[in-house]
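Student: Here it is: the structure, laid out below.
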Amino acid sequence: MFTSAILIPAVVNGLMTGAVYALVALGLTLIYGVLHIINFAHGALLSAAMFAAFFAFRLLGLDPYVAIFLLAPLFFAFGYGLQRFVIGPVSHGDDRNMLLVTLGIAIIIENVLLYAFRADTRTIDLPYAFKTLDLGFTFLAIPRVVGFVAVFVVALVLWAFMSLTDTGKAIRAVAKEKLGAQLAGIDVGHIYALTFGLGTACVAIAACLLIPTYYVNPTVGDAFVLVAFTIVVLGGMGSVIGALLGGLLVGVVESFSGLYLGESLGQIGIFIVFIAVLLIRPTGLFGAKA
Amino acid sequence: MKELAPIITVVAVLAAVPLIVHSNTALNFLVVMLLIALAGQGWNVLGGYGGQYSFGHAAFFGTGAYTTAILQVRYGVNAWPGFAAGVGAGAVLGAVIGHLTFRAGLRGSYFALVTLAFAEVLRILASVAPITGAGVGTLIKLDLHASALQFQSRAVFYWVILALVAVSLLIAHALDRTRFGAWLVAIRENEDAAKALGVDTFTVKLGAMVISAAITAAAGCFYAQYFLFIDSGIAYGTRMSIEALLTPIIGGAGTVFGPLLGALVVKALSEGATWIAGDAPGLNLIVYGCVLVLVIAFAPRGLVGLVSAASDFLSSSKGKVAHG
Numbered sequence: 055m056f057t058s059a060i061l062i063p064a065v066v067n068g069l070m071t072g073a074v075y076a077l078v079a080l081g082l083t084l085i086y087g088v089l090h091i092i093n094f095a096h097g098a099l100l101s102a103a104m105f106a107a108f109f110a111f112r113l114l115g116l117d118p119y120v121a122i123f124l125l126a127p128l129f130f131a132f133g134y135g136l137q138r139f140v141i142g143p144v145s146h147g148d149d150r151n152m153l154l155v156t157l158g159i160a161i162i163i164e165n166v167l168l169y170a171f172r173a174d175t176r177t178i179d180l181p182y183a184f185k186t187l188d189l190g191f192t193f194l195a196i197p198r199v200v201g202f203v204a205v206f207v208v209a210l211v212l213w214a215f216m217s218l219t220d221t222g223k224a225i226r227a228v229a230k231e232k233l234g235a236q237l238a239g240i241d242v243g244h245i246y247a248l249t250f251g252l253g254t255a256c257v258a259i260a261a262c263l264l265i266p267t268y269y270v271n272p273t274v275g276d277a278f279v280l281v282a283f284t285i286v287v288l289g290g291m292g293s294v295i296g297a298l299l300g301g302l303l304v305g306v307v308e309s310f311s312g313l314y315l316g317e318s319l320g321q322i323g324i325f326i327v328f329i330a331v332l333l334i335r336p337t338g339l340f341g342a343k344a
Numbered sequence: 005m006k007e008l009a010p011i012i013t014v015v016a017v018l019a020a021v022p023l024i025v026h027s028n029t030a031l032n033f034l035v036v037m038l039l040i041a042l043a044g045q046g047w048n049v050l051g052g053y054g055g056q057y058s059f060g061h062a063a064f065f066g067t068g069a070y071t072t073a074i075l076q077v078r079y080g081v082n083a084w085p086g087f088a089a090g091v092g093a094g095a096v097l098g099a100v101i102g103h104l105t106f107r108a109g110l111r112g113s114y115f116a117l118v119t120l121a122f123a124e125v126l127r128i129l130a131s132v133a134p135i136t137g138a139g140v141g142t143l144i145k146l147d148l149h150a151s152a153l154q155f156q157s158r159a160v161f162y163w164v165i166l167a168l169v170a171v172s173l174l175i176a177h178a179l180d181r182t183r184f185g186a187w188l189v190a191i192r193e194n195e196d197a198a199k200a201l202g203v204d205t206f207t208v209k210l211g212a213m214v215i216s217a218a219i220t221a222a223a224g225c226f227y228a229q230y231f232l233f234i235d236s237g238i239a240y241g242t243r244m245s246i247e248a249l250l251t252p253i254i255g256g257a258g259t260v261f262g263p264l265l266g267a268l269v270v271k272a273l274s275e276g277a278t279w280i281a282g283d284a285p286g287l288n289l290i291v292y293g294c295v296l297v298l299v300i301a302f303a304p305r306g307l308v309g310l311v312s313a314a315s316d317f318l319s320s321s322k323g324k325v326a327h328g
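First to last, the protein sequences are chains V and L.
All residue numbers for the first sequence refer to our numbering, where the first residue is 55 and numbers rise by one.
All residue numbers for the second sequence refer to our numbering, where the first residue is 5 and numbers rise by one.
Printed below as a string of structure tokens:
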């Protein structure tokens with residue numbers, strides 16, 4: 055019943071979706087790796103970024119791919135400020151408080167969007183949105199291919215930044231040993247905020263890559279972020295390679311469970327994988343230790 | 005008996021309210037307030053006393069509500085045993101989730117995540133499964149007789165939920181005074197140390213989870229009886245999970261009266277916001293989010309903590325004057 059003519063496109067499409075998942079997960083895992091908190095506001099930030107990309111196109115006529123260069127710095131600054139002036143000071147250095155504060159921020163952002171834009175679902179029309187690429191065995195929508203390539207470019211840039219610059223070295227130092235880094239003269243508060251900013255910028259880029267083929271509404275980020283949580287757990291908390299591979303894997307799993315179980319039950323496939331991974335191997339497939 | 009005096013006083017005062025207030029709007033406000041206080045007290049047992057922060061307590065609320073509703077509508081079970089079955093189903097679900105997560109050693113953010121995921125799985129299942137009425141929801145038949153656990157007068161509903169809240173207050177009070185409660189608090193403060201001192205952390209956490217789930221499920225059962233309608237969004241949606249954790253956090257996590265106080269504040273604020281800005285979608289939750297952040301910033305021990313800090317401050321400054 056399911057021949058390779060159906061299965062191969064399902065795999066390829068899953069990989070394309072998975073790449074964007076991976077980018078969202080990359081931001082999450084970066085924040086977790088350094089700050090050791092799960093950022094519950096990640097989904098709400100994604101929704102906000104998708105609205106920003108939407109309005110950049112509608113009001114300013116900016117192509118979503120051009121908007122990346124405006125929104126990524128903007129969301130970087132927003133994330134930096136959020137950690138430096140809200141999450142950091144408010145939580146008094148207590149992990150449970152940080153968890154609650156990011157939850158509080160998620161609730162605020164999501165509902166401000168709901169209040170401002172209502173629950174309507176919006177889309178944009180781009181001339182190239184339905185152009186396809188013929189691979190011989192399957193057709194791929196151009197925006198999905200662009201997204202796939204862009205994610206790997208971002209991952210490469212991030213990797214270069216982390217391993218080649220002094221700031222990247224400082225971030226890695228803080229992730230490894232916070233107190234030691236502080237004694238060596240690294241401003242931990244600044245690094246925390248920087249990392250949070252980078253994670254938020256990843257979300258903004260993901261939003262720009264998604265908006266040409268996806269819709270936006272105030273809770274659109276939730277679906278992605280639960281998937282991103284799954285990926286991060288699957289790939290091992292704090293592991294960048296894990297986030298990339300985990301993202302691709304989850305994209306394929308979702309594509310398959312959608313094929314076999316239908317749309318809404320397909321989502322359950324993700325949750326089941328998520329719960330199962332957490333219960334059986336909470337350190338993830340690529341993580342060293344919790 | 006002496007240490008029970010505050011609980012008896014508070015419950016007695018609240019019980020007298022319908023004798024003075026006859027407005028249906030006011031009583032409805034109080035019923036909903038007590039309802040989220042009850043759901044919050046459930047969260048408080050596990051989160052406040054035990055330090056295990058669940059982000060998915062809607063799982064228990066919804067299971068209680070659906071069990072009661074489905075037993076009545078589809079199997080013709082009487083509402084009273086239906087109610088008990090709902091509480092039981094919540095407790096069983098708590099035991100299952102607790103067993104899985106605590107056996108796997110999940111703590112902190114991981115525990116919060118998994119509870120959230122369980123609630124979401126249940127929400128999606130309830131929105132497609134025929135037995136729950138899928139997207140349409142389940143409607144309980146109107147039958148205003150005490151035998152069907154439905155009442156003509158809101159005052160009676162109010163006394164029923166108040167009785168449930170009173171029981172939950174007694175349970176929280178018992179945690180303050182029993183060895184089990186002390187173990188639970190020890191786990192909250194330092195789980196590894198508690199374990200090293202011989203506390204069976206797995207069993208204690210599991211016990212707390214079962215009690216917690218049962219209390220929150222009772223709130224769900226009451227919801228079904230009071231509103232006679234339930235759907236997947238109401239039952240398992242994030243809103244309930246948020247309200248269940250918000251009330252004890254605002255009032256004072258790990259205190260007997262925290263959830264009740266928090267529920268009063270949360271309900272008053274959301275009514276106030278609706279009154280000022282109209283009934284716009286999302287507004288209540290914006291207020292909830294802001295209050296959550298502000299409370300953590302300025303009153304990390306909640307309102308109860310704020311009050312006790314103030315009284316400590318007053319008594320210590322008096323002491324200084326006496327000595328000086």
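For every residue, glycine included, the Cβ atom is placed at its ideal position computed from N, Cα and C.
Quantities reported herein were computed from a predicted structural model and do not represent experimental measurements.
Go ahead and label L125 (chain V) buried or exposed: buried means 16 or more other beta carbons lie within 10 angstroms of its beta carbon, across all protein chains shown.
Tutor: As a first step, residue 125 (chain V) is located in the first sequence; it is residue number 71 there, counting from the start. Buried, by the Cβ-count rule.
Student: Please state if the CB of L168 (chain V) and the CB of D266 (chain V) are separated by a distance shorter than 8 Å.
Tutor: Sequence index remark: in the first sequence, residue 266 (chain V) carries index 212 (1-based). Sequence index remark: in the first sequence, residue 168 (chain V) carries index 114 (1-based). One detail in the question is off: residue 266 (chain V) reads as Pro in this sequence, not Asp. Cβ distance not < 8 Å, so P266 (chain V) and L168 (chain V) don't count as in contact.
Student: Give the residues of chain L in contact with F328 (chain V), contact being defined as C-beta atoms less than 7 Å apart.
Tutor: As a working note, residue 328 (chain V) is residue 274 in the first sequence. Simply A121.
Student: Check whether the Cβ of V166 (chain V) lies closer than 8 Å to any Cβ atom in chain L.
Tutor: Along the first sequence, read from residue 1 onward, the residue named residue 166 (chain V) stands at position 112. Chain L, which has a Cβ nearer than 8 Å to the Cβ of V166 (chain V), makes this yes.
Student: Might you give, ordered along the chain, the residues of its own chain that have their beta carbon closer than 7 Å to the beta carbon of A59 (chain V), omitting 5 neighbours on each side?
Tutor: Here residue 59 (chain V) refers to the residue found at position 5 when the first sequence is read from its first residue. There are no such residues.
Student: Mind checking whether Y329 (chain L) and A116 (chain L) have CB atoms under 8 Å apart?
Tutor: Here chain L comprises residues numbered 5 to 328, so residue 329 (chain L) is not present and cannot be evaluated.
Student: Say whether chain V places a C-beta atom closer than 8 Å to the C-beta of Y62 (chain L).
Tutor: The residue labelled residue 62 (chain L) in the question sits at position 58 within the second sequence. Note on residue identity: the sequence assigns Ala, not Tyr, to residue 62 (chain L). So no, A62 (chain L) is outside the interface.
Student: Across which residues does DSSP place L187 (chain V) in a beta bridge pair?
Tutor: As a first step, residue 187 (chain V) is located in the first sequence; it is residue number 133 there, counting from the start. Beta-bridge pairing links L187 (chain V) to V:L194.
Student: Which residue marks the beginning of the alpha helix (DSSP H) containing V132 (chain L), and which one marks its end?
Tutor: Reading the second sequence from its first residue, position 128 is the one you call residue 132 (chain L). Counting along the chain, the alpha helix (DSSP H) containing V132 (chain L) begins and ends at 112-132.
Student: Apart from the five residues on each side of it in sequence, which residues of its chain come closer than 8 Å, Cβ to Cβ, to V199 (chain V)?
Tutor: Counting from 1 along the first sequence, the entry for residue 199 (chain V) is found at position 145. Taken in chain order, the residues that qualify are M70, L187.
Student: What are the residues of the stretch 264-294 of chain V that lie near chain L, defined by any Cβ-Cβ distance shorter than 7 Å?
Tutor: From the stretch 264-294 of chain V, only L280, F283 have a Cβ closer than 7 Å to chain L.
Student: Are P285 (chain L) and A173 (chain V) closer than 8 Å when you measure CB to CB?
Tutor: The sequence position of residue 285 (chain L) within the second sequence is 281, counting from 1. The sequence position of residue 173 (chain V) within the first sequence is 119, counting from 1. Closer than 8 Å, so yes.
Student: For chain V, check one thing: does any of its Cβ atoms lie closer than 8 Å to the Cβ of F59 (chain L)?
Tutor: Working through the second sequence from its first residue, we reach residue 59 (chain L) at position 55. Taking Cβ atoms only, chain V reaches closer than 8 Å to F59 (chain L), which makes this a yes.
Student: At a CB-CB cut-off below 9 Å, which residues of chain L make contact with Y51 (chain V)?
Tutor: Nothing about residue 51 (chain V) can be read from this structure; chain V reaches only from 55 to 344.
Student: Mind the definition here: the stretch 228-235 of chain V touches the stretch 299-314 of chain V only if three or more C-beta pairs lie below 8 Å; say whether that holds.
Tutor: Because the criterion of three Cβ pairs below 8 Å is not met, the stretch 228-235 of chain V and the stretch 299-314 of chain V do not touch.
Student: In chain order, what residues of the same chain have a beta carbon less than 6 Å from the beta carbon of T156 (chain V), not counting five sequence neighbours either side?
Tutor: Counting from 1 along the first sequence, the entry for residue 156 (chain V) is found at position 102. For T156 (chain V), where only same-chain residues beyond five positions count, the Cβ hits under 6 Å are N93, F94, A95.
Student: Cβ of H146 (chain V) less than 8 Å from any chain L Cβ?
Tutor: Position 92 of the first sequence, counted from the first residue, corresponds to residue 146 (chain V). Interface residue, yes.
Student: Of all the options L:D147, L:S151, L:L129, which has the alpha carbon lying nearest to the alpha carbon of G141 (chain L)?
Tutor: Counting from one through the second sequence, the residue named residue 141 (chain L) turns up at place 137. Checked all of L:D147, L:S151, L:L129; the closest Cα to G141 (chain L) is L:L129.
Student: Are there 16 or more other CB atoms within 10 angstroms of the CB of R158 (chain L), so buried, or fewer, so exposed?
Tutor: For the purposes of this step, residue 158 (chain L) is identified with residue 154 of the second sequence, where counting begins at 1. R158 (chain L) comes out buried.
Student: Using 8 Å as the threshold, is the C-beta distance between T249 (chain V) and I285 (chain V) below it?
Tutor: Counted from its first residue, the first sequence places residue 249 (chain V) at position 195. Counted from its first residue, the first sequence places residue 285 (chain V) at position 231. The answer is no: Cβ separation not under 8 Å.
Student: Distance, Cα to Cα, V270 (chain L) vs A108 (chain L)?
Tutor: The residue labelled residue 270 (chain L) in the question sits at position 266 within the second sequence. The residue labelled residue 108 (chain L) in the question sits at position 104 within the second sequence. Answer to the nearest angstrom: the Cα atoms are 35 Å apart.
Student: Within the 8 Å Cβ cut-off, does I128 (chain L) reach chain V?
Tutor: Within the second sequence, numbered from 1, the residue matching residue 128 (chain L) stands at position 124. Yes, its Cβ sits closer than 8 Å to a Cβ of chain V.
Student: Taking only beta carbons into account, state which residues of the stretch 129-155 of chain L come closer than 8 Å to chain V, listed in chain order.
Tutor: Under the 8 Å Cβ criterion, the stretch 129-155 of chain L contributes L129, S131, V132.
Student: Counting only runs of 4+ residues fully inside the stretch 190-234 of chain V, write out the alpha helix (DSSP H) ranges in chain order.
Tutor: Counting only runs of 4 or more, we get 196-218, 220-230.
Student: Give the residues of chain L in contact with Y169 (chain V), contact being defined as C-beta atoms less than 8 Å apart.
Tutor: As a first step, residue 169 (chain V) must be located in the first sequence, where it is residue number 115. By Cβ distance, chain L contributes A284, P285, G286, L287, I290.
Student: Identify each residue in the stretch 168-193 of chain V for which the Cβ-Cβ distance to at least one residue of chain L is less than 9 Å, and report them in chain order.
Tutor: Those would be L168, Y169, A170, R172, A173, in chain order.
Student: Between the C-alpha atoms of L168 (chain L) and Y75 (chain V), what's the straight-line distance to the nearest angstrom?
Tutor: On the second sequence, residue 168 (chain L) is found 164 positions in, with the first residue counted as 1. On the first sequence, residue 75 (chain V) is found 21 positions in, with the first residue counted as 1. Their Cα atoms are separated by approximately 45 Å.
Student: Taking 8 Å as the threshold (C-beta atoms), are L201 (chain L) and I144 (chain L) in contact?
Tutor: Stepping through the second sequence from its first residue, residue 144 (chain L) is reached at position 140. Stepping through the second sequence from its first residue, residue 201 (chain L) is reached at position 197. Not a contact, by the Cβ cut-off of 8 Å.
Student: Using C-beta distances below 6 Å, list every residue in its chain close to L18 (chain L), excluding the 5 sequence neighbours before and after it, in chain order.
Tutor: Numbered from its first residue, the second sequence carries residue 18 (chain L) at position 14. Counting only Cβ-Cβ distances below 6 Å, and skipping sequence neighbours, we find L166.
Student: Is the beta carbon of T3 (chain L) less than 8 Å from the beta carbon of I191 (chain L)?
Tutor: Outside the shown range of chain L (5 to 328) lies residue 3 (chain L), about which nothing can therefore be said.
Student: Where does A326 (chain L) sit, in a helix, a strand or coil, going by DSSP?
Tutor: In the second sequence, residue 326 (chain L) corresponds to position 322, counting from 1. Because A326 (chain L) carries a pLDDT of 47, less than 50, the predicted location of this residue cannot be relied on, and no value is offered for it.
Student: Can a CB atom of chain L be found closer than 8 Å to the CB of V88 (chain V)?
Tutor: Mapped onto the first sequence, residue 88 (chain V) falls at position 34. Chain L contact via Cβ: absent.
Student: Cβ atoms of R176 (chain V) and Y269 (chain V): under 8 Å apart, would you say?
Tutor: In the first sequence, the residue the question calls residue 269 (chain V) occupies position 215. In the first sequence, the residue the question calls residue 176 (chain V) occupies position 122. Cβ atoms of Y269 (chain V) and R176 (chain V): closer than 8 Å.
Student: Does I159 (chain V) get closer than 8 Å to chain C when you measure Cβ to Cβ?
Tutor: Judged by its chain identifiers, the structure shown contains no chain C, and its protein chains are V and L.
Student: At which residues does the alpha helix (DSSP H) containing R335 (chain V) begin and terminate?
Tutor: Here the question's residue 335 (chain V) lines up with position 281 in the first sequence. Unbroken run through R335 (chain V): none, as it is neither H nor E.
Student: State the DSSP-derived secondary structure class of L143 (chain L), mapped to helix, strand or coil.
Tutor: For this step, residue 143 (chain L) is matched to residue 139 along the second sequence. Strand at L143 (chain L).
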